[in-house]
Every structure is written in C-alpha cells, then in structure tokens.
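Residue numbers (the working numbering), protein chains in the order written: chain A, 446 to 645; chain B, 446 to 645.
Beta carbons: idealized from backbone N, C-alpha and C, even for Gly.
This report refers to the structure that appears directly beneath it.
2 protein chains.
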Amino acid sequence: MPRRSEHSLDEIRALALDAVEDLVASHGPTAISARKVAAQIGYTVGMLYHVFDNVDDLVLQANARLVDQLARANEAAAAGNRPQRVIARMAHNYLSLARQAPARWQLVFVHTMRDGRPVPDWYRQRTDRLFALVEEQLQRLAPRRRPAAAALAARTLWSSVHGICLLAVSDKLDIGGSTSAEKALDSLLTHYLGSWAQSR
Amino acid sequence: MPRRSEHSLDEIRALALDAVEDLVASHGPTAISARKVAAQIGYTVGMLYHVFDNVDDLVLQANARLVDQLARANEAAAAGNRPQRVIARMAHNYLSLARQAPARWQLVFVHTMRDGRPVPDWYRQRTDRLFALVEEQLQRLAPRRRPAAAALAARTLWSSVHGICLLAVSDKLDIGGSTSAEKALDSLLTHYLGSWAQSR
DNA sequence: ACCTGAACACCGTTCAAGT
DNA sequence: ACCTGAACACCGTTCAAGT
Chain A
446 MPRRSEHSLD
456 EIRALALDAV
466 EDLVASHGPT
476 AISARKVAAQ
486 IGYTVGMLYH
496 VFDNVDDLVL
506 QANARLVDQL
516 ARANEAAAAG
526 NRPQRVIARM
536 AHNYLSLARQ
546 APARWQLVFV
556 HTMRDGRPVP
566 DWYRQRTDRL
576 FALVEEQLQR
586 LAPRRRPAAA
596 ALAARTLWSS
606 VHGICLLAVS
616 DKLDIGGSTS
626 AEKALDSLLT
636 HYLGSWAQSR
Chain B
446 MPRRSEHSLD
456 EIRALALDAV
466 EDLVASHGPT
476 AISARKVAAQ
486 IGYTVGMLYH
496 VFDNVDDLVL
506 QANARLVDQL
516 ARANEAAAAG
526 NRPQRVIARM
536 AHNYLSLARQ
546 APARWQLVFV
556 HTMRDGRPVP
566 DWYRQRTDRL
576 FALVEEQLQR
586 LAPRRRPAAA
596 ALAARTLWSS
606 VHGICLLAVS
616 DKLDIGGSTS
626 AEKALDSLLT
636 HYLGSWAQSR
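Okay, structure coming up:
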C-alpha cells in the first residue's frame, strides 16, 4: 500500500475533474462514479472523499467549468454590440457549446442532487449569473421599462433558450427531420425578443 | 416462500406503477428503485422483472401516465376555441399539472436511460404527440403558411414552454423572488405567439 | 500527514430452484 | 406456472489502520 504524495490536493482535484470530462466524453454521462473516477486517476475511492464532499460535489465542480465557460463567452459577447445582437450571441453560444461537447452538457442537464439535498449556493450563483447577463442586456435594450419587466423577460427568454438547448442535446427536437435547434433559437429571438423590444 | 397468485400480471403492473407514484410523491424522485417498489407491493425484485423489462421500463410506464394525462387535457382544450387560446391553455395545463404533482414531474424531467440506451419508440410517440397538438393549432392559426413554418414554431414554442415548466418545478426560475412561471408563460405566449401570428 | 482497504448498506439484473 | 431467494457485479460513503 504505497502512498503517493506525488500530487497536491489541488492537483488531485484537477486530475479528478479532467477524469470526469474524459469519462463522460467517451462513455456518456451515466459512466460517472466515484470509483471509476478514482481508478482513472490512480487513487482509491477513499482519497476522493478527502478532496470532494461527495459525488454531487465532484460532478458540480466539473459542471461548473462548463457553466463558467458559457458565462465567459457571454460576457465577452456583451462588449460593444447592440443589446439585441448580444442576446442572440449568448443564445447561440449556449447551443454551440452544447453541441461541441454534448455528453458533458448532458451531465449538466441530467445531474440532480442525491436524496433531496439542495443545490449548493456557489453553484446556483453561477447559473443565476447566466440569467443576470441576459437581464443586463434587456435593461440596456429598454431602459425606460420597469426593472421587473426586464427581469421577467430575461427569465422567460433564457428558460426558453435552455429548453431548446436541452431538447437539442437529447435529440428530442428534430422530430420531423428538418427542424434544427439553430432555427428554433432564431425563431424565438425574432419573435419573442422582437415583440418585447417593440411593446411600449 | 409462499407464492401469491393473488394478482394477475396486469394487476401487479398496476400495483407497481401506483407504488412508483406513491414513493415519488412521499420521498422524491431519487427514492425509486426496483427493490423498493417490489417491497412496497409485497413481491420480490425478481417478480418485477417478469412484468417489466427493467427499471427504465418501469419508470417510463409510470411517466407515460403523466404525459398521457397532459395529452388528454390538451386534446380536450383543443375543442372549439380559437387556436391562440387553445395553445395558451395547453401551456398552462402543462404548468398546472406540473405544480399539482411536482415530484412526479421531476421524475419525468430527470429520468434518463441507463447506459446509453435509446428512449423506446412507444414512449417517444407520446412526447412527440404533445408537439403535434401544438403544431395542429398553429396550422389552424396560420393556414396559409408553409407547414414547415408551423412545425418550426411548434417546436420552438413547446421547447420553451418545457424549459419554463422544468425550471419552475426545480425552483430555478424564481431568482429575484417575484417572477412566477405563470407570468413567464404569459410573456412567452404574448410575445412569441403574438408576433408569429402577425408576421406574414 | 497522507492514503489505503475493508466494511456497510445499498443498487440492477439474472436465473436455478422451490412449490 | 408462478414466484422466490440467492448470486453477481456494481454503487456511495465512512473510517480504523497502515506507512
């Protein structure tokens, strides 16, 4: 029973998160287990529990990387452009990131806390941030409207974008054969956002 | 080891599906396992596998009941009214059924096939039906538009409704405190559907 | 101090054997 | 024919014990 001491806790943490991504990418979101991740990085399961609280923590930390990637892309998109264009970029960023790594995003979509534990605050803040970025743009778009109106529109619009990306990644959207998620996003943006921007 | 023979296979099937609903309602969607369902109805796990292919089959059959309930409600809503009103009813049917039995709908939202098995056709047809019902109304609403346009709008709209209901049931929508899913649905219907109906 | 390995209480699934 | 119970290969989580 050799000890390793080759890696710091932070390094082990990074190795584990990489292992989650590799396993998901090659064997799908259901392939994740503490034991498999441990085996992949050459440690025992017990070791994982010195670095992560539990599997939920492990998965959420892996998922947070993707959410952060989307948030960064959306923050970058916010620079300069007209709000309507920024929001369109954000929506397409979501879909295109989801298409780039469908299995990893499926893990984001599919994960639920064991038992009925609540989603931890640090993770919630990251997903809330995505709504906030949309809300900022809607406020720019219609500065004279009540903030509550922009908040409602942001939640409506981003939930809808989420629904489209979710069904796209799980192949439930392309029913007849020809509908693409990109077209659905554009339809949503044209009609929802177009109408919202004009009204009052 | 007493044999029972008290119930036919169909009765056992119904008992098991009821047990799934009871367990989910009282202990949440993560509480479902073949062993627990078997225990709840007084049979062994082995017995379950004479009635269901596997747990996916068990869960999907339970979930299909909810999907069917929504489909029936939406078919009933289709009678008589103006298409725009029918679609609004359908969307609110979805949300209100989801609110009536949040845990059971969470099971619908959260379930994914073990390994990477595909969703069986018989279940897919049921969820596709929900899209089809919306599509029919959109064709009524704009009879002169190309069928592909109605198909795209149906998928866009229903994916969005799905996204809103999904986030509503998992409590991820009410960020600031005041946004309700009902308002988000109405916002979606007003702006998306309103704009789509008017354009051309 | 760092990490292991075994233990505990669970899973899904199969199938020979009992009645 | 109907159903069981034990087996197999997995889980998540904990923690005394080893180095």
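Proximity test, Cβ basis, 9 Å: residue i and chain A
i, result
"residue 576 (chain B)", "yes"
"residue 447 (chain B)", "Legend: pLDDT at residue 447 (chain B) = 45, less than 50; position of this residue unreliable, value from coordinates given subsequently. With 9 Å as the cut-off, residue 447 (chain B) does not count as an interface residue toward chain A."
"residue 609 (chain B)", "yes"
"residue 515 (chain B)", "no"
"residue 606 (chain B)", "yes"
"residue 587 (chain B)", "no"
"residue 641 (chain B)", "yes"
"residue 566 (chain B)", "no"
"residue 632 (chain B)", "yes"
Contact with chain B by residue i, beta-carbon distance below 9 Å
i, result
"residue 487 (chain A)", "no"
"residue 555 (chain A)", "yes"
"residue 540 (chain A)", "no"
"residue 644 (chain A)", "yes"
"residue 512 (chain A)", "no"
"residue 537 (chain A)", "no"
"residue 481 (chain A)", "no"
"residue 620 (chain A)", "yes"
"residue 474 (chain A)", "yes"
"residue 551 (chain A)", "yes"
"residue 559 (chain A)", "yes"
"residue 636 (chain A)", "yes"
"residue 455 (chain A)", "no"
Contacting residues, own chain, Cβ-Cβ under 7 Å from residue i (five flanking each side not counted)
i, result
"residue 599 (chain A)", "576, 579, 580, 583"
"residue 483 (chain B)", "489, 490, 492, 493"
"residue 548 (chain A)", "469, 470, 473, 474"
Residue i - DSSP class collapsed to helix/strand/coil
i, result
"residue 617 (chain B)", "coil"
"residue 470 (chain A)", "helix"
"residue 526 (chain A)", "coil"
"residue 500 (chain B)", "helix"
"residue 457 (chain A)", "helix"
"residue 592 (chain A)", "helix"
8 Å contact criterion, which residue i and residue j should meet: CB distance rounded
i, j, result
"residue 481 (chain B)", "residue 468 (chain B)", "6 Å"
"residue 638 (chain A)", "residue 606 (chain A)", "Not a contact, Cβ separation roughly 11 Å."
"residue 551 (chain B)", "residue 615 (chain B)", "7 Å"
Nonlocal neighbours in the same chain, by C-beta distance under 8 Å from residue i, ignoring five residues either side
i, result
"residue 478 (chain A)", "500"
"residue 559 (chain B)", "499, 500, 501"
"residue 642 (chain B)", "529, 586, 587"
"residue 452 (chain B)", "460"
"residue 394 (chain B)", "Here chain B has residues from 446 to 645 only, and residue 394 (chain B) is not among them."
"residue 592 (chain A)", "584"
Spatial neighbours of residue i in its chain, beta-carbon cut-off 6 Å, leaving aside the 5 residues before and after
i, result
"residue 556 (chain A)", "504"
"residue 574 (chain A)", "516"
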